[in-house]
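Chemist: This structure is in structure tokens; I'll ask about it shortly.
There are 2 protein chains.
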Amino acid sequence: MALRHAVLAALLDGEYSGYQIAKGFDIGVANFWHALPQQLYAELAKLEKGGLITGREVVQQGRPNKRLFTVTDAGLAELERFAADTAKPSFIRDDLMVKVHAADRTEADAVIEQLEERATVAEAKIAVLTPLLEKLRGDLDEAEFLRVGARVGPYLTGLRGLSFEREQREWCLRTASVLRARAARERAHV
Amino acid sequence: MALRHAVLAALLDGEYSGYQIAKGFDIGVANFWHALPQQLYAELAKLEKGGLITGREVVQQGRPNKRLFTVTDAGLAELERFAADTAKPSFIRDDLMVKVHAADRTEADAVIEQLEERATVAEAKIAVLTPLLEKLRGDLDEAEFLRVGARVGPYLTGLRGLSFEREQREWCLRTASVLRARAARERAHV
DNA sequence: GCAGCATACTCAAAAATCTGACTAGTCGCA
DNA sequence: TGCGACTAGTCAGATTTTTGAGTATGCTGC
Numbered sequence: 010m011a012l013r014h015a016v017l018a019a020l021l022d023g024e025y026s027g028y029q030i031a032k033g034f035d036i037g038v039a040n041f042w043h044a045l046p047q048q049l050y051a052e053l054a055k056l057e058k059g060g061l062i063t064g065r066e067v068v069q070q071g072r073p074n075k076r077l078f079t080v081t082d083a084g085l086a087e088l089e090r091f092a093a094d095t096a097k098p099s100f101i102r103d104d105l106m107v108k109v110h111a112a113d114r115t116e117a118d119a120v121i122e123q124l125e126e127r128a129t130v131a132e133a134k135i136a137v138l139t140p141l142l143e144k145l146r147g148d149l150d151e152a153e154f155l156r157v158g159a160r161v162g163p164y165l166t167g168l169r170g171l172s173f174e175r176e177q178r179e180w181c182l183r184t185a186s187v188l189r190a191r192a193a194r195e196r197a198h199v
Numbered sequence: 010m011a012l013r014h015a016v017l018a019a020l021l022d023g024e025y026s027g028y029q030i031a032k033g034f035d036i037g038v039a040n041f042w043h044a045l046p047q048q049l050y051a052e053l054a055k056l057e058k059g060g061l062i063t064g065r066e067v068v069q070q071g072r073p074n075k076r077l078f079t080v081t082d083a084g085l086a087e088l089e090r091f092a093a094d095t096a097k098p099s100f101i102r103d104d105l106m107v108k109v110h111a112a113d114r115t116e117a118d119a120v121i122e123q124l125e126e127r128a129t130v131a132e133a134k135i136a137v138l139t140p141l142l143e144k145l146r147g148d149l150d151e152a153e154f155l156r157v158g159a160r161v162g163p164y165l166t167g168l169r170g171l172s173f174e175r176e177q178r179e180w181c182l183r184t185a186s187v188l189r190a191r192a193a194r195e196r197a198h199v
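As given, the protein sequences belong to chains A and B, one line each in that order. Count along the first sequence from 1, then add 9; that gives the number in the numbering used here. Count along the second sequence from 1, then add 9; that gives the number in the numbering used here.
Right, here's the structure in full:
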């Protein structure tokens, strides 16, 4: 049950609606968590019932009203408690890696295509993250920001996201080219 | 329902028992998938019932008997089908990143400790993966192996795992040192 | 003038995953 | 000789996550 903490952490950056959180707009959280809108709405409702966040209705004209949530002191205390107890090991699950693992026993064409597609997605994430980190940093250079800047948390997780996406892109492109070369070789030998 | 495919991919490397797969001994699969023993046993049973794998009983003395599984032609065809349709985006879930995201609003000491612990774990994985990749490679150098070697699938996923663990280690150490420096600064100012 | 997309959610049900306990023999250690 | 760890699993039940559908309004492009 760590989704609850991911949501609390996301709300530290300000007031957000379920819809906004669901959109994954938030740099930090999107880098290490993924959940469907339905889960988030349910979790927000539970958190509010438990008094860890409070919502306020914002009436909008021209579009549906929304509820913006803020972390309460109790919520902060819960995060504190969470930070103190031992973390579960991280885990990745990746369909594409399963396919690559089996790539020398199956037709590789489709996998190559997906690897290149995935590299493009990584590229796009890099293009979003880079300016976001710059914005967080403000006038300070990175070393200085990390030393004294406010809100380093999101910056640090953003850095991890960025490095992950860079590695992902490189690996996808390299793997695609390896598989492509082998496919060509195989065709030549048959 | 991709666990089924992860298991099939793991079994491509040879005959394994549920227990062995559960141990995560397999380089490739451990790099992109994680599941509890109970899930694996259940999945193996389903796959066998579906004819995608076959098991044979191996009688052992001095320890319980075991069942070793092999992928059938039907299983290979299923993997082929799986490789062809579109992959879901990868996702990571990481408690520790949640904690870092909130680190500037909570007590950081415990998080720093966990980051250093995580770096050690990453180090250990690097220490396991590096010789495993060497072994897979045999006499060939990497470029040559990738061009003509057998079983490149596991090698390629192993490379991704290795790069992930390296980045993980660096990020954990750097993040720990950033948080440590800030905690010291804060104490000095109070 | 209407199709499709965006905002902002809700509900129910199916499937996957995790928690926790249990069996049962063997080996090493003190 | 008893304790704990390792091999090799099984079972039940709770919780989480995913799938799929639905509501309602407004704006934009063709």
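For glycine and all other residues, C-beta sits at the position ideal for the given N, C-alpha and C. Computed from a predicted structure; not experimentally measured.
Listing by chain order, which chain A residues have their CB less than 8 Å from the CB of B/G162?
Modeler: Here the question's residue 162 of chain B lines up with position 153 in the second sequence. Here the neighbours are V109, H110, A111, A112, D113, R114.
Chemist: Below 8 Å on the Cβ atoms is my contact criterion, and I expect A/V109 with B/L105 to pass it. Report the Cβ-Cβ distance as a whole number of Å.
Modeler: For the purposes of this step, residue 109 of chain A is taken as the residue at position 100 of the first sequence. For the purposes of this step, residue 105 of chain B is taken as the residue at position 96 of the second sequence. Not confirmed; about 26 Å, so no contact.
Chemist: Starting from B/H14, find everything on chain A with Cβ-Cβ shorter than 7 Å and list it in chain order.
Modeler: Counting from 1 along the second sequence, the entry for residue 14 of chain B is found at position 5. Ordered by position in chain A, the residues that pass the 7 Å Cβ test against B/H14 are V107.
Chemist: What's the C-alpha gap between B/R127 and B/R178?
Modeler: The residue you call residue 127 of chain B lines up with position 118 of the second sequence. The residue you call residue 178 of chain B lines up with position 169 of the second sequence. Computed Cα separation, rounded: 7 Å.
Chemist: With DSSP as the reference, label B/R76 as helix, strand or coil.
Modeler: Residue 76 of chain B sits at position 67 when you count from the first residue of the second sequence. Of the three classes helix, strand and coil, the one that applies to B/R76 here is strand, per DSSP.
Chemist: Let me check understanding here. Comparing Cα to Cα, which of B/F41, B/A136, B/V107 lies closest to B/Q123?
Modeler: Translated into positions along the second sequence, residue 123 of chain B becomes position 114. Comparing Cα positions, the closest option is B/V107.
Chemist: I'd like the list of long-range same chain contacts for B/A185, defined as Cβ closer than 6 Å, with 5 residues on each side in sequence excluded.
Modeler: Reading the second sequence from its first residue, position 176 is the one you call residue 185 of chain B. Contacts found: I121, L124, E125.
Chemist: Hey, quick one: how far does the beta strand (DSSP E) through B/E66 stretch, first residue to last?
Modeler: As a working note, residue 66 of chain B is residue 57 in the second sequence. It spans 62 to 67 - the beta strand (DSSP E) in which B/E66 sits, taken as one unbroken run.
Chemist: Does the beta carbon of B/L61 sit closer than 8 Å to a beta carbon anywhere in chain A?
Modeler: Looking up residue 61 of chain B in the second sequence gives position 52. Output row for B/L61: interface = no.
Chemist: So, do the stretch 47 to 55 of chain A and the stretch 136 to 151 of chain B have three or more beta carbon pairs nearer to each other than 8 Å?
Modeler: no
Chemist: Go to A/F154, then tell me how far its alpha helix (DSSP H) extends in each direction, as first and last residue.
Modeler: Along the first sequence, read from residue 1 onward, the residue named residue 154 of chain A stands at position 145. Unbroken alpha helix (DSSP H) run through A/F154: 151 to 157.
Chemist: Would you tell me roughly how many angstroms separate the C-alpha atoms of A/E203 and B/S172, rounded to the nearest one?
Modeler: Only positions 10 to 199 of chain A appear in this structure, which leaves residue 203 of chain A out of reach.
Chemist: List, from N- to C-terminal side, the beta strand (DSSP E) runs of 3 residues or more that fit wholly inside the stretch 67 to 147 of chain B.
Modeler: 75 to 80, 100 to 102
Chemist: Nearest chain B C-beta to A/I101 closer than 8 Å, yes or no?
Modeler: As a first step, residue 101 of chain A is located in the first sequence; it is residue number 92 there, counting from the start. Chain B, which has a Cβ nearer than 8 Å to the Cβ of A/I101, makes this yes.
Chemist: Got a sec: is the Cβ-Cβ distance from B/F78 to anything in chain A below 8 Å?
Modeler: Here residue 78 of chain B corresponds to residue number 69 of the second sequence, with the count starting at 1. Judged by the 8 Å Cβ criterion, B/F78 is not in contact with chain A.
Chemist: Assuming the contact rule is C-beta atoms closer than 8 Å, B/E89 and B/L61 should be a hit. Round their C-beta distance to whole Å, please.
Modeler: Translated into the one-based positions of the second sequence, residue 89 of chain B becomes position 80. Translated into the one-based positions of the second sequence, residue 61 of chain B becomes position 52. Going by Cβ atoms, the distance from B/E89 to B/L61 rounds to 12 Å, so no, they are not a contact pair.
Chemist: Counting contacts by CB-CB distance shorter than 8 Å, is A/H220 in contact with chain B?
Modeler: Residue 220 of chain A is absent from the structure shown; chain A starts at 10 and stops at 199.
Chemist: Which stretch, first to last residue, makes up the alpha helix (DSSP H) that contains B/H43?
Modeler: One-based indexing of the second sequence puts residue 43 of chain B at position 34. No alpha helix (DSSP H) holds B/H43; DSSP gives it neither H nor E.
Chemist: Quick one: is A/L45 buried, meaning 16 or more other Cβ sit within 10 Å of its Cβ, or exposed?
Modeler: Position 36 of the first sequence, counted from the start, is the residue given in the question as residue 45 of chain A. The residue is exposed, with fewer than 16 neighbouring Cβ atoms inside 10 Å.
Chemist: For the stretch 145 to 173 of chain A, which residues have a CB atom closer than 8 Å to at least one CB atom of chain B, in sequence order?
Modeler: Per Cβ criterion, the list reads L155, R156, V157, A159, R160, V161, G162, P163, L165, T166, L168, R169, S172, F173.
Chemist: By how many angstroms is the C-alpha of B/R72 removed from the C-alpha of B/G167?
Modeler: One-based indexing of the second sequence puts residue 167 of chain B at position 158. One-based indexing of the second sequence puts residue 72 of chain B at position 63. Cα-Cα distance, rounded: 32 Å.
Chemist: From the DSSP secondary-structure annotation, give me the bridge partner or partners of A/Y25.
Modeler: Sequence index remark: in the first sequence, residue 25 of chain A carries index 16 (1-based). DSSP lists A/F78 as partners of A/Y25.
Chemist: Is A/Y164 near the ligand GDP, with its Cβ less than 7 Å from a heavy atom?
Modeler: Because no ligand of any kind appears in the structure shown, any question about the ligand GDP cannot be addressed here.
Chemist: Classify B/K32 as helix, strand or coil using the three-state DSSP reduction.
Modeler: Here residue 32 of chain B is taken as the residue at index 23 of the second sequence, counted from 1. It is coil, neither helix nor strand.
Chemist: Quick check on this structure: which residue in B/G64, B/W42, B/V161, B/A131 has the alpha carbon closest to the alpha carbon of B/S26?
Modeler: Residue mapping note: residue 26 of chain B aligns to position 17 of the second sequence, counting from 1. Comparing Cα positions, the closest option is B/G64.
Chemist: Take B/D94 as the anchor and find which of A/A119, A/P98, A/L20 has the nearest alpha-carbon.
Modeler: Working through the second sequence from its first residue, we reach residue 94 of chain B at position 85. Ranking A/A119, A/P98, A/L20 by Cα distance to B/D94 puts A/A119 first.
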